[in-house]
Structures are given as structure tokens and as C-alpha cells.
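According to our numbering, the stretch in the sequence shown is residues 669 to 1180, in order.
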Amino acid sequence: MVKVSITATHDGGNVEFVSHSEPVVLTTTPDDDRRNDDGVYTEYIIFHPNGGRVLHIIIHDEYFADVHTELENVGHMQYFSFRSFVSGLVPPEPQPAAAAAVDDDDDAGGGPTIVVPSASVVVVTYVIANASDASFPDAWPGSTVCYNSHGIDSSYDDRWRRNLTTEYDVDDSGALTWTHVHEMNGSTYFSYWPPYGYDRHLRLISDCTSRMRSGRVGGTYNPAIESIGTSLDGREIECLSVGNGKLNAWIQHRQHPGETMAEFFAEGLLHRLFGVGEENGDIDDATRTLLEGYRLHVIPNVNPDGSVLGHLRTNAAGANLNREWADTNVEGYQYAAPTSHRSPEVLAILRRMDEIGCDFFLDVHGDETIPYVFFSGCAKTPVWGDRIRSLHGYFVEGYKRANPDVQKVYGYPPPLSEENALDGMTRATKHVSNRFNCLGLTLEIPYKDCATNPDPEVGLGLERCKRLGSNLVEALVRVHPYLRAEGDFWKAFSEEDEYIVPTDRFPGRQRG
Ligand SMILES: [Zn+2]
């Protein structure tokens, strides 16, 4: 008997099974992906030379909302990750000629009836029934679900693919639907973006820590690891520091825990800084130059509780940490932040930053809607002037030269006015940049396929995401002479280095 079970008990898993259809035995058909009036696949072309039986089943899931966020009056959701476990499939066998003859005599109409109780393939249509309740439903058109039938640990990073049947029913059901052909027993993981579990987080910390003792970076570049505080549920907020330079650069990830790409970025960066995966922990020349000019402070996961819980944007108490960096007095939306009871993660980071100082800040995120890698900054906030605007342009141009996935044309348009910009001062980048009068940027990595270098079946993928993290080295080395330079240094920058005002009117944009 074929069994398909849905579980979400791994870190970041957050989907519950609701119901399923009666399984239907399919005949192979020459018509590719036909659908019924409800838009559900009723037949799916399966090539099975040995006459194995193909079952089709529709499974309805819903994902849980994050803890209610009082300040925004919303239960955020969009990120999902679950495991589908198939058992009972048997290898296909040749059909006995006699059985086929009996089937053909069946005059009940509707074609041959297949009565064998076993199946060698099960075709499952997955339906996330409440997708339209997501925080950013406009992002679903053009999104494709990631899957991996091998596993979710790092040995299978290159096995993630995208399901190109993914569709969002914008007009009617509001469901996100895709069909997967399971040809083997075992697990397939489906995720909005590949999960980065807490086990892998701990492994990242251990790999870097062991290089502090044995790698080239140890003894030369003064590596250190510290817990700068704990989350509400008691997990450490680890910060890895390395380098002998005078400038302090802070790089943080996963304030929004469902933006898992941010921690893959962190892994790419940290592996390069600490020589993880290199013989004897060797580090390259550009990294040495970096560590002679800076001391880096890297926080791979600001929000470990939300990550384990599978939240999109919030911590264990429902706080959107990227709205917790300062008090706000916006009409109808007044609160003090950060606080030990709602956002101790931010409180801890800011305290440590005040002790150490900050000359460069990068906050790494993922974006649901815009299919590009892009930066946003502090446009129209008080710190924004010739100096910061020019540094922003110069830094991004350097990143673009180091990594072909970076572009400057598409991104968030700046706030409409200086007054509007002040509403954003509860966000990390704007707050830190203004607090320390330094260059601060937010990096956004797309959930969708990256339109700069499209690869529909893989998307940006984990390897390119990690490479993006490692190329922060080149971008930081290039901007180093100017971060705290005096005078009108930007007047010597070239035209290519100028800040470009980004637009979100990307080609093919669909508006909900
Ligand atoms: Zn984010």
C-alpha cells in the first residue's frame, strides 16, 4: 500500500497536513499536464515502459502563521518547509497479457480500468491552500518551489531543484499548487527556499572555531568567538570576529529567519575568512589584505528562535527584529525599542557595537518579490549626503565587479521624502548607519530565480549564494581607503561608481 505522509518536524518546518483526495490510478496519456476545470492536474504524462501503475493524489496543506506581531497587527507567514515521505511503491512489473485483455472488454465506458493494488509511481499535487493569506501574496506569481529528494544537509546542497509546475491561483482559490512525481520511496523536502537548520548553524560555528585553533587565520589575525547575548528562548547569539585592522565591519544575517539565503551567504563568507574547507586552513591573498585593514564581526544568525520555529519575519515573541532598532513615535505606532522582553537579540548587538564601534554595516536579507540581487541603503535619512551616497555607489560597483549576480538597476526605490525616511529608522541599516555615521547597506537575495543570470531549474542556488557571501571580501577591500577618509574624496570616483537610484519596475513584474 502506498503511503504519503507530510511532516514538518525538522528545523524551520512549518506546514500542516489538512486533507487529501482519493487516490486515482492514472493511465499514461499523450497529453502533457492536463488539468480539470478546477485547475488541478488530472493527468500527468509518465513514461513507464514496464507498465507500472501510477497513482495520483492531491494533498492540501496549510502553513502556520508566525506568532502574532502586535506592533504590526499581523501573523506573518510566507516561508514554508516540509518533508513528504513516500513508502509502499514497488518496482514496475510487466503487465500480463491476459489482464490487459480483460480490461479492454470492460464496457462500462471511460477506457481501461486498472485494478492492481500496487503502484510504482505516485504523482502528488501539493496545494498550499492558504497561500493568499501570506505576508506578500503579490510575490507568488513567478515563484517556484524548491525541492530535494536527497537530503537537507550540506552534502546535498547541489541537489536542490525548482518545481516548474508551481502555480499561484491569483483569481480564485488563492492556493499555491505544484505537482511532483515520486518515483522512489523515501523523503522529498519542499521549501520556499532551502532550509538552514540549527544543526547546520552549530556546525558552521564549530568549523570556524576549530580553524581558530589550527588554521592560518589563528595566531595571525586574532580570531575570536563570543556569545554577545541570548535569544528569548535561550539560544546564543554568536559573533565571530577576525582581523587586525582599525576599521570595524559588522555583518549580520537572518533578522528575518525565513530568509534562509542570508545564512548560506554567511557560510560562504565565514568559510573564506577562516579557511574552512582549505588545506591547513589556508586563506587567500585578498582575504589577508581584508584582515589587515579591518576587524570583522560576523553574526551568522541574529534570530535563532525564529529560525527553528520556521517563522518568516519574527522572533519567539512575535517581534519583527528589523523594526526594533530604535524607539518610534510614528502616529498610532509608538513604542520603545529594543527591549529585553521583546527584542533582547537587538539589544545585545547594539550594546556590543557601542563598545567596539562600527565603520561599516551590512544586514543580509531575502526578498520575495524582486528577482534580483540588490542593495538598499539610507537614502534620505539624516546621514545621507555626498559622502555616504558616494560610498554606497562605490561599494556596490566593487561588489558587482567581483560577483556577476550583483546589479544596480533594480531594487527598492528610495523613500518619497526625508520625512518618510524617518519612519524607517527602526530598521537596522538606517539606524546603525546614522548612529555611527558610517556606510550601512541591506543586501537582498531573491527567493525567485535570479533574472541577472537566470537558471529556472536551480534558481540562484546555494553555491552561488555562498559565492556571493565570499565576494564581500573583494568589495570591502576596494572601499577600505575611503570609509573614514577626510575631504571630498568622492570627487575622484569614476562615473561607473556613482550611486544609481533603483527602481522596482523590473521586466515582467506582475502586480497583484
Ligand atoms: Zn528581510
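Note that CB positions come from ideal geometry on N, CA and C, so glycine has one too. No experiment lies behind these values; they were computed from the predicted model shown.
Exercise for review: With hydrogens ignored, establish whether the beta-carbon of H1099 is closer than 7 Å to any heavy atom of ligand 1.
Suggested key: Locating residue 1099 in the sequence shown gives position 431, counting from the first residue. H1099: no, Cβ never under 7 Å from ligand 1.
Check your understanding: Hey, how far is the Cα of H939 from the Cα of I893?
Key -> On the sequence shown, residue 939 is found 271 positions in, with the first residue counted as 1. On the sequence shown, residue 893 is found 225 positions in, with the first residue counted as 1. H939 and I893: Cα-Cα distance of roughly 14 Å.
Review point. With DSSP run on the structure shown, which of helix, strand or coil describes V683?
Key: Residue 683 sits at position 15 when you count from the first residue of the sequence shown. DSSP, read as helix, strand or coil, puts V683 in strand.
Practice item. Using alpha carbons as the reference points, say which of L844, V670, S749 lies closest to H979. Key: The count along the sequence shown starts at 1 and reaches residue 979 at position 311. In terms of Cα proximity to H979, the closest of L844, V670, S749 is S749.
Review point. At what residues does the beta strand (DSSP E) containing V849 begin and finish?
Key: To locate residue 849, count along the sequence shown from 1; it is residue 181. That run of the beta strand (DSSP E) goes 844-850.
Point to revise | Proximity to V1194 [Cα-Cα], best of R830, G974, N988, H850 | key: Any question about residue 1194 goes unanswered here, given that the chain covers just 669 to 1180.
Check your understanding: Roughly how many whole angstroms lie between the Cα atoms of P891 and I727?
Key -> By 1-based counting over the sequence shown, the position of residue 891 is 223. By 1-based counting over the sequence shown, the position of residue 727 is 59. Rounded to whole angstroms, the separation of the alpha carbons of I727 and P891 is 50 Å.
**Study point:** Residues near A987 by beta carbon distance below 8 Å, same chain, minus five either side
**Key:** Counting from one through the sequence shown, the residue named residue 987 turns up at place 319. T737, L739, R1010, S1011, listed in sequence order.
Practice item. For the beta strand (DSSP E) holding K1048, just list the boundary residues, first then last. Key: Translated into the one-based positions of the sequence shown, residue 1048 becomes position 380. Element bounds for K1048: n/a, residue is neither H nor E.
Check your understanding: For ligand 1, any of its heavy atoms closer than 7 Å to the Cβ of N990?
Key -> The residue you call residue 990 lines up with position 322 of the sequence shown. Closer than 7 Å to some heavy atom of ligand 1: that describes the Cβ of N990.
Point to revise | E1013 CB to nearest heavy atom of ligand 1 below 7 Å | key: Here residue 1013 corresponds to residue number 345 of the sequence shown, with the count starting at 1. Because no heavy atom of ligand 1 lies under 7 Å away, the Cβ of E1013 does not count as near it: no.
Exercise for review: Evaluate M929 with the Cβ neighbour count: other Cβ atoms within 10 Å of its Cβ, from every protein chain shown; 16 or more gives buried, anything less gives exposed.
Suggested key: Walking along the sequence shown from the start, residue 929 turns up at place 261. With 16 or more Cβ atoms within 10 Å of its Cβ, M929 is classed as buried.
Practice item. Select from L941, I1168, M1093, V998 the residue whose C-alpha is nearest the C-alpha of E992. Key: Mapped onto the sequence shown, residue 992 falls at position 324. When each option's Cα is compared against that of E992, the closest is M1093.
Practice item. Closer than 7 Å by C-beta to E1086: which residues in its own chain qualify, once you throw out the five before and the five after it? Chain order, please. Key: Here residue 1086 refers to the residue found at position 418 of the sequence shown. Within the same chain, E1086 has close Cβ partners K1048.
Check your understanding: With DSSP run on the structure shown, which of helix, strand or coil describes G949?
Key -> Along the sequence shown, one-based indexing puts residue 949 at 281. Residue state, collapsed to three classes: helix.
Review point. Hey, how far is the Cα of D1091 from the Cα of H1099?
Key: Counted from its first residue, the sequence shown places residue 1091 at position 423. Counted from its first residue, the sequence shown places residue 1099 at position 431. Computed Cα separation, rounded: 11 Å.
Exercise for review: Kindly indicate the opening and closing residues of the alpha helix (DSSP H) around Y1062.
Suggested key: The residue given as residue 1062 occupies position 394 in the sequence shown. Unbroken alpha helix (DSSP H) run through Y1062: 1054-1070.
Review point. Since V1077 contacts F1043 with CB under 8 Å, what's their CB separation in whole angstroms?
Key: Here the question's residue 1077 lines up with position 409 in the sequence shown. Here the question's residue 1043 lines up with position 375 in the sequence shown. Contact doesn't hold; Cβ gap of about 12 Å is too wide.
Check your understanding: Between E1053 and E1142, is the Cβ-Cβ spacing less than 8 Å?
Key -> Reading the sequence shown from its first residue, position 385 is the one you call residue 1053. Reading the sequence shown from its first residue, position 474 is the one you call residue 1142. One detail in the question is off: residue 1053 reads as Gly in this sequence, not Glu. No, these two residues do not count as a Cβ contact at 8 Å.
Check your understanding: If you drop the 5 nearest sequence neighbours on each side, which residues of the same chain put their C-beta closer than 6 Å to that of L1128?
Key -> Counted from its first residue, the sequence shown places residue 1128 at position 460. Hits under 6 Å: C1118.
Practice item. Please confirm whether any heavy atom of ligand 1 lies closer than 7 Å to the CB of G978. Key: As a first step, residue 978 must be located in the sequence shown, where it is residue number 310. G978: no, Cβ never under 7 Å from ligand 1.
Point to revise | Spatially closest choice to F753 from S817, A797, S800, by CA coordinates | key: Residue numbering aside, residue 753 sits at position 85 when the sequence shown is read from its first letter. Checked all of S817, A797, S800; the closest Cα to F753 is S817.
Point to revise | Reduced DSSP secondary structure (H/G/I, E/B, other) of S855 | key: Locating residue 855 in the sequence shown gives position 187, counting from the first residue. It is a strand residue.
Practice item. Would you identify the three-state DSSP class for H736, choosing helix, strand or coil? Key: Within the sequence shown, numbered from 1, the residue matching residue 736 stands at position 68. Note: H736 maps to coil in three-state DSSP.
Check your understanding: Which value, in whole angstroms, describes the spacing of the CA atoms of Q923 and V692?
Key -> Stepping through the sequence shown from its first residue, residue 923 is reached at position 255. Stepping through the sequence shown from its first residue, residue 692 is reached at position 24. Computed Cα separation, rounded: 44 Å.
Practice item. Quick one: which unbroken beta strand (DSSP E) runs of 3-plus residues sit fully inside the region 904-928? Chain order, please. Key: Taking only runs of at least 3 residues, the beta strand (DSSP E) segments lying wholly in the region 904-928 are 904-910, 915-921.
Exercise for review: Pull up the distance between the alpha-carbon of M745 and that of L977, whole angstroms please.
Suggested key: For this step, residue 745 is matched to residue 77 along the sequence shown. For this step, residue 977 is matched to residue 309 along the sequence shown. C-alpha separation (whole angstroms): 12 Å.
Check your understanding: Hey, quick one: how far does the beta strand (DSSP E) through S874 stretch, first residue to last?
Key -> Within the sequence shown, residue 874 is the residue found at index 206, counting from 1. First-last for S874: 866-882, but that is the alpha helix (DSSP H), not the beta strand (DSSP E).
Exercise for review: Using the Cα positions of A1160 and R963, report the straight-line distance between them to the nearest angstrom.
Suggested key: Here residue 1160 is taken as the residue at index 492 of the sequence shown, counted from 1. Here residue 963 is taken as the residue at index 295 of the sequence shown, counted from 1. Each residue's alpha carbon lies about 27 Å from the other.
Check your understanding: Excluding the five sequence neighbours on either side, which residues of its own chain have a C-beta within less than 6 Å of the C-beta of Y836, listed in chain order?
Key -> Position 168 of the sequence shown, counted from the start, is the residue given in the question as residue 836. The residues are W808, P809, L844.
Point to revise | ligand 1 heavy atom lying under 7 Å from the CB of E927 | key: Counting from 1 along the sequence shown, the entry for residue 927 is found at position 259. It does: the Cβ of E927 is within 7 Å (strictly closer) of some heavy atom of ligand 1.
Review point. For the region 814-831 against the region 852-863, are there 3 or more C-beta pairs whose distance is under 8 Å?
Key: A contact between stretches requires three or more CB pairs, one per stretch, nearer than 8 Å, and the region 814-831 meets this requirement with the region 852-863.
Review point. Taking one C-beta from the region 943-955 and one from the region 900-910 each time, how about it: are there three or more such pairs within less than 8 Å?
Key: No, they do not touch.
Check your understanding: Who are the near neighbours of P972 in its chain, counting only those whose CB is closer than 6 Å to its CB and skipping five residues on each side?
Key -> Counted from its first residue, the sequence shown places residue 972 at position 304. Same-chain partners within the cutoff: S899, R903.
Check your understanding: For the alpha helix (DSSP H) that L1015 lies in, which residues bound it at each end?
Key -> Locating residue 1015 in the sequence shown gives position 347, where the first residue counts as 1. Taken as a continuous stretch (DSSP letters only), the alpha helix (DSSP H) holding L1015 covers 1012-1024.
Check your understanding: What is the residue span of the beta strand (DSSP E) that T675 lies within?
Key -> The sequence position of residue 675 within the sequence shown is 7, counting from 1. Run containing T675: 671-675, per the beta strand (DSSP E) assignment.
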